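Some notes on the structure that comes next.
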Amino acid sequence: MIGLDIAVIGSGMAGLATARILKDAGHNITIFEALPGPGMDSHSIEFEDGLIDAPLRVMNPHLWKNTLSLATHLGIKTYPVRTYMACSWLFEDRTETWLTTSRTRIGNFPIINNRKGIQQYGWRLVKGMLQLKTAIAKFFKSKNQDITLAEFINRNEIEEVFWHGAVMPVLYTICTCDPKTIGEWPAKPLLVFLRQLTDGDALLRLQGGTPALVDKLIEGINIQSGAAITRVHQQEDGVIVENSEGQSQTFDRVVIATPTTKVQDFLDNQQFAEDIELLKQFKFEQGDLVIHTDQTVMPPKRKDWSVLSYMM
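And the structure:
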């Protein structure tokens, strides 16, 4: 097989995995990234002798099979973590933590740790958990699984405190979008996630965090970062890639691995008009991720701090 010169534009998970696979298949790979370094771990940060992945990267072994298989293939080990949660109500004059969770060592059953959560909401939370498990089991036995999450909720009676106070905040974290948008999501993949979540499977984290995976994925690959791609157009002798510094290179193939909202900024609008129109149909939402050490946005009591702390 003759190796091709291939450009990969974008260095998130999709771009780096594609680059690694093509490199191992014998092709010559060049990765382009607008940020100063690989996009996948561009926000990772070291803090107090530890490593913070931003965004948080903890993986359910049933739902992250491809990523974990890739990590195993690259020789990266994993270790189990528990992402317990704390939920607090925000009042004008105070913050009140009403739920903190953990699980039993034997049986792996969920536990409400704080007395207030048990006294005020204990039965409603247990009831909601049972209702959700029943509704999910019913959904996966049904023939009509092509519904949105909002339709699933409207068809099932699930305790509001449990659903809106404990379940939806987790989905907001995973999907990084607002309530209206998440309601329009197909229900099935989210319910697969919730089924695994309620079963209490331990999540996995990569040894060395995201940077360890990135280092293995880009090993031996040419990466050109710090300059955005401004134009990609096709000619008879190949595909021309130009960047913001005025540099131009020709490749046999180009793989686009950026958010679909970015492609019309650099793809030739005439040559790739149909592709651009198709990709425009994928929806994206913009959000802010803030890395902070501000204790005022944490539960008032230090003992209530958890991996996931929700303030509502």
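In the working numbering, the protein residues as written are 1098 to 1409.
C-beta: ideal position from N, C-alpha, C; glycine also.
If you're wondering where the values come from, they're calculated on a predicted model, not measured in any experiment.
If you draw a straight line from the Cα of Arg1179 to the Cα of Arg1252, it is about 32 Å long. Under DSSP, Pro1177 takes part in a beta bridge, and its partners are Leu1301. Between the C-alpha atoms of Met1182 and Pro1135 there is a straight-line separation of about 31 Å. Here the alpha carbons of Ile1233 and Ile1337 stand approximately 49 Å from one another. Given a length threshold of 4 residues, each whole run of the alpha helix (DSSP H) inside the region 1333-1390 is given here in chain order: 1370-1376.
Looking at Ser1345, Tyr1407, Leu1375, Ile1373, the one whose alpha-carbon comes closest to that of Thr1270 is Tyr1407. Here Asp1138 is buried, its C-beta having at least 16 other C-beta atoms within 10 Å. For Glu1248, the uninterrupted alpha helix (DSSP H) run begins and ends at 1246-1252, by DSSP. Spatial neighbours of Trp1282 in its own chain (CB-CB distance under 6 Å, excluding positions within 5 residues in sequence) are listed in chain order as Leu1246.
About 7 Å separates the Cβ atoms of Gly1225 and Val1258, confirming a contact at the 8 Å cut-off. When DSSP states are grouped into helix, strand and coil, Val1329 belongs to the strand group.
A contact between stretches requires three or more CB pairs, one per stretch, nearer than 8 Å, and the region 1183-1190 fails this requirement with the region 1306-1313.
Assigned with DSSP and collapsed to three states, Met1156 falls in strand.
The beta carbon of Asn1319 sits closer than 6 Å to the beta carbons of Thr1127 from its chain, once the five residues preceding and following it are set aside; these are given in chain order. As computed with DSSP, Gly1147 is found in a beta bridge with Phe1144. In this structure, Leu1132 and Ser1322 form a Cβ contact; the two beta carbons are roughly 6 Å apart against a cut-off of 8 Å. DSSP, reduced to helix, strand and coil, places Met1395 outside both helices and strands of the structure shown, so it counts as coil.
With contact defined as three or more Cβ pairs closer than 8 Å, the region 1361-1377 and the region 1149-1166 are not in contact. A check of alpha carbon separations from Trp1161 across Leu1303, Ile1118, Glu1316, Asp1349 identifies Leu1303 as the nearest. Going by DSSP, Ala1168 is part of the alpha helix (DSSP H) stretching over 1162-1170. In the structure shown, Ala1131 falls within a coil segment according to DSSP collapsed to helix, strand and coil. Separation of Glu1145 and Asp1391 (C-alpha to C-alpha, rounded to the nearest whole angstrom) is 15 Å. Proximity to Leu1301 across Leu1119, His1159, Ile1103 peaks at His1159, based on C-alpha coordinates. Here DSSP, grouped into helix, strand and coil, assigns Trp1260 to helix. The beta carbons of Val1351 and Ala1122 sit no closer together than 8 Å.
Under DSSP, Asp1102 forms a beta bridge with Asn1125. Secondary structure of Ala1324 (DSSP, three-state): coil.
In this structure His1330 does not touch Asp1362 by the C-beta definition: roughly 13 Å separates them, more than the 8 Å allowed.
For Asp1243 and Trp1260, the gap between their C-alpha atoms comes out near 21 Å. Cβ-Cβ distances below 7 Å link Arg1221 to Glu1256, Val1258, Phe1259 in the same chain, with the five nearest sequence neighbours on each side left out; the list follows chain order. With respect to Val1264, Leu1288 sits apart: the two C-beta atoms are not nearer than 8 Å.
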